[in-house]
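K.L.:
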Amino acid sequence: MGALMRLRLPSIKIRARLLPWLLLVGLSLTSLQLTHGQGADFRRYNEWASVFARSDIFALSGNVATPTGLPLTQWSFGPGLIIAFPDGLQLPSLLGTSRLRIVGVVSFFLTWLGVLLLLPPKFKRSPFAITASLLLIFYGSHAGFYSHHHSSESLSILLIVWLTVFLRDGDYGRHWKAAAFFTLGGLLCLCRLKLAPVAGLYFLVWAYRGRKVVDARHGWADAAIALTLLLLVGAMIGTANQWMTGSFFSSPYAVGDEGFRAAELLRPRFLSEVLFHPWHGLLVYHPLYAVGAGVLLLRLFQRRLRLEDGLGLIALVSLLYLHAGWFIWWLGTGSFGMRGLAPICLLLVLPVLDELAERRSHWLAWTLIPPVFWSFLLYEQGHTNFFTYAMLFQAQWQTWLNLTGELSYYSPIVIVPATLLLSRILVLSDTDPAGEDRLRSAMPYAAASFALLFLVSSLLFARTAASTRELMAQDAQWGRRNFRAVNNYNHEDFMRNLRGYQRVDGYEYEKESIRAFLERNPNIHYKAYLRDLHGARIYQARFGR
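Count the sequence shown with our numbering and you get residues 26 to 570, in order.
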């Protein structure tokens, strides 16, 4: 990168004030052209979207019923609720396209608009620095793959990007910005409850900084807004818990008994696997994160660590701990890398860019090329499952051979260098101090979009909750579907995970624990459930018979 910057090339001059608008046009065209594929657990979230669009919880396809008589699913409703947003506004019929296309285009545009706002100010004065930074983030982190695939990770990255935008903006004295910030945090909790601690870290940093510039009266108003939003989010999460488990406070993810727990939070066992296992290990897929963590630790030891840096470091440690305690570290087969840590990818990559901007270090720039290239080859493969390092290296080599053997104008190894070269010959013809922040004029519109998303999502959830409550108050739901079994977990999902363990050597204790749990807790057939004392009590309490 440093050598390319020193090349003497012909230049094309553009006015500095045009650069933000050119970036917006390029971003818009890219978002419209990209095909938005199916990410991890897409089908589950799309089912939830159908539930909220139709206000019919029986749009869930599960063959296992919960003790409440409703279909069982372990997957969070939040991503589906967000995906259903276009249906709440009747946009698919108005625009003549699918809700998934609308969500895909808008989320991609907003994600990368937020990324543009987060680039170091020095980089925003150089078309080459902007292009190189975007390519580094796109291929070197989860952001590239998940920004054009429908999954909870895609939406989580979007929300964390904009939380960071509002946090870095530094304007804590406006009610609308506080409302937008806490709305984003609430949506993040809805999207994935495990990200609630990350949202809490953002809130703490906002409160710490805001107390210095906001008077007490204004601060209480902001706190009231935040509390109201979070209570609404808590009510939605608790209601969904009640649908799936019969308890407002019991999550469908909390599965286990005295001999097995899906989440061993007090005994994390898979830290090395989460980081280094060829089957979706974090640093195996994205070694750039190791550079980011190294920069954060260096700043910590040099006492240069900023609040945002500390937030990223704590978020990394907490999510690593959380996922090390989950009973399957790979988090499913239809995914890309360690997707559980995908939402905080920008918190690990942005410090690297900031360090480049501050130090102008050529050796650091050259150090970034190998890890990004490695991740680029994995990106080209998409959903992958490598059970051994031999499989991983063989697939990487074959991908490189395929790319070089089928060179064309559309090949990534042609497009990427050509894009860098083109951006290198673009030179700003004048200085426009306001140009680098011109994109910030989009912040009110983005805030309004997220506020509308939260409002419509809340109304869709309330409508579905009302219809579900009415359904549960009558006998009709027992005849809506011929359920095969009744339980708080799906036997087939755990069998699938057990088969996953068979693909890797070792882990005999884990294999036996899951097998023994399934033997101790078989799925109860519906008729057997009605004969069971617990099932009979619930049935009699609800229907009086």
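Don't be surprised by glycine CBs; every beta carbon is placed ideally from N, CA and C.
Starting from Val128 and walking both ways along the alpha helix (DSSP H), at which residues does that stretch end?
P.N.:
Arg124 to Leu143 is the span of the alpha helix (DSSP H), which, as asked, contains Val128.
K.L.:
Give me the Cα-Cα distance between Ala251 and Leu371, rounded to the nearest whole angstrom.
P.N.:
Distance between the alpha carbons of Ala251 and Leu371 is about 24 Å.
K.L.:
Please report the distance separating the alpha-carbon of Gly169 from that of Thr358.
P.N.:
Cα to Cα, Gly169 sits roughly 19 Å from Thr358.
K.L.:
So, using beta-carbon positions, are Leu300 and Leu308 closer together than 8 Å?
P.N.:
Yes, the pair counts as a contact, with Cβ atoms nearer than the cut-off.
K.L.:
Report the start-end ranges of each alpha helix (DSSP H) in the region 271–354 that is 4 residues or longer and not cut off at the edges.
P.N.:
Fully enclosed alpha helix (DSSP H) runs of 4 or longer: 296–301, 307–310, 313–326 and 332–349.
K.L.:
What residue does the beta strand (DSSP E) around Lys149 start on, and which one ends it?
P.N.:
No beta strand (DSSP E) holds Lys149; DSSP gives it neither H nor E.
K.L.:
Hey, how far is the Cα of Ser123 from the Cα of Pro117?
P.N.:
Each residue's Cα considered, the two are about 5 Å apart.
K.L.:
Rounded to whole angstroms, what's the CA-CA distance from Phe83 to Phe77? Just pull it up for me.
P.N.:
Rounded to whole angstroms, Phe83 to Phe77 spans 11 Å at the Cα level.
K.L.:
Starting from Leu478, follow the alpha helix (DSSP H) in both directions and report where the run begins and ends.
P.N.:
Taken as a continuous stretch (DSSP letters only), the alpha helix (DSSP H) holding Leu478 covers Met468 to Met497.
K.L.:
With which residues is Ile438 paired in a DSSP beta bridge?
P.N.:
Paired residues: none, contrary to the question.
K.L.:
From the DSSP output, read off the bridge partner residues of Ala443.
P.N.:
None; Ala443 has no bridge partner.
K.L.:
Use the C-beta contact count for His200: other C-beta atoms within 10 angstroms, 16 or more gives buried, fewer gives exposed.
P.N.:
Flag for His200 reads exposed.
K.L.:
In the DSSP assignment, what are the bridge partners of His550?
P.N.:
According to DSSP, which records beta bridges pairwise, His550 is partnered with Ala510.
K.L.:
Which residue or residues does DSSP assign as beta-bridge partners of Lys38?
P.N.:
For Lys38, which the question treats as bridged, DSSP gives the partners Val452.
K.L.:
What residue from Val140, Ala154, Pro146 and Lys149 has the CA that sits closest to Leu188's CA?
P.N.:
Taking only the C-alpha atoms, the option nearest Leu188 is Val140.
K.L.:
Nearest to Gly129 by alpha carbon, out of Leu119, Phe110, Leu143 and Pro146?
P.N.:
It is Phe110.
K.L.:
From the DSSP output, in three-state form, read off Ala90 for me.
P.N.:
Strand, per DSSP.
K.L.:
Tell me, please, whether the region 386–399 touches the region 344–352 by the rule of three or more beta-carbon pairs shorter than 8 Å.
P.N.:
The region 386–399 vs the region 344–352: no contact.
K.L.:
According to DSSP, simplified to helix, strand and coil, what is Gln421?
P.N.:
Of the three classes helix, strand and coil, the one that applies to Gln421 here is helix, per DSSP.
K.L.:
Is the Cβ-Cβ distance between Ala476 and Thr270 less than 8 Å?
P.N.:
No, the Cβ-Cβ distance between Ala476 and Thr270 is not below 8 Å.
K.L.:
Short of 6 Å in beta carbon distance, which residues of its chain neighbour Pro152, apart from the five on each side in sequence? Order them along the chain.
P.N.:
Cβ neighbours of Pro152 beyond the five flanking positions: Ser448 and Leu451.
K.L.:
Mind listing, in chain order, the continuous alpha helix (DSSP H) runs of no fewer than 4 residues lying wholly within the region 207–242?
P.N.:
You should have 221–235.
K.L.:
Taking only three categories from DSSP, how would you classify Gly62?
P.N.:
Strand at Gly62.
K.L.:
Count the other CB atoms, across all protein chains shown, that sit within 10 Å of the CB of Ile107; report buried if there are 16 or more and exposed otherwise.
P.N.:
When all chains shown are included, Ile107 counts as buried.
K.L.:
What residues in its chain sit with their C-beta under 6 Å from that of Trp73, if we drop five residues either side in the sequence?
P.N.:
Cβ within range, chain order: Phe102 and Gly105.
K.L.:
Alpha carbon to alpha carbon, what distance is there between Leu135 and Lys202?
P.N.:
About 17 Å.
K.L.:
Provide the residue(s) that pair with Pro96 in DSSP beta bridges, ordered along the chain.
P.N.:
Paired residues: Ala90.
K.L.:
Hey, could you find the ends of the alpha helix (DSSP H) Tyr532 is sitting in?
P.N.:
Per DSSP, Tyr532 belongs to no alpha helix (DSSP H) and is neither H nor E.
K.L.:
Given a threshold of 16 other Cβ atoms within 10 Å of its Cβ, counted over all protein chains shown, does Trp100 qualify as buried or as exposed?
P.N.:
By the neighbour-count rule (16 or more Cβ atoms within 10 Å), Trp100 is buried.
K.L.:
Taking the alpha-carbon positions, what's the Asn513 to Phe206 distance?
P.N.:
If I take the Cα positions, the gap works out to 35 Å.
K.L.:
I'd like to know whether the C-beta atoms of Gly165 and Met497 end up nearer to each other than 8 Å.
P.N.:
Not closer than 8 Å, so no.
K.L.:
In the DSSP assignment, what residue or residues form a beta bridge with His175?
P.N.:
Gln63, per the DSSP bridge assignment.
K.L.:
Check Phe411 in the structure and name its three-state DSSP category.
P.N.:
DSSP places Phe411 in coil when its eight states are reduced to three.
K.L.:
Since I believe Tyr278 is in contact with Ala287 (beta carbons under 8 Å), could you give me their beta-carbon distance rounded to a whole number of angstroms?
P.N.:
Yes, Ala287 and Tyr278 are in contact; Cβ-Cβ is about 7 Å, under 8 Å.
K.L.:
Straight-line CA distance for Leu325 to Leu338?
P.N.:
Straight-line Cα distance between these residues: approximately 10 Å.
K.L.:
Quick one, are the C-beta atoms of Ile155 and Leu142 less than 8 Å apart?
P.N.:
No, these two residues do not count as a Cβ contact at 8 Å.
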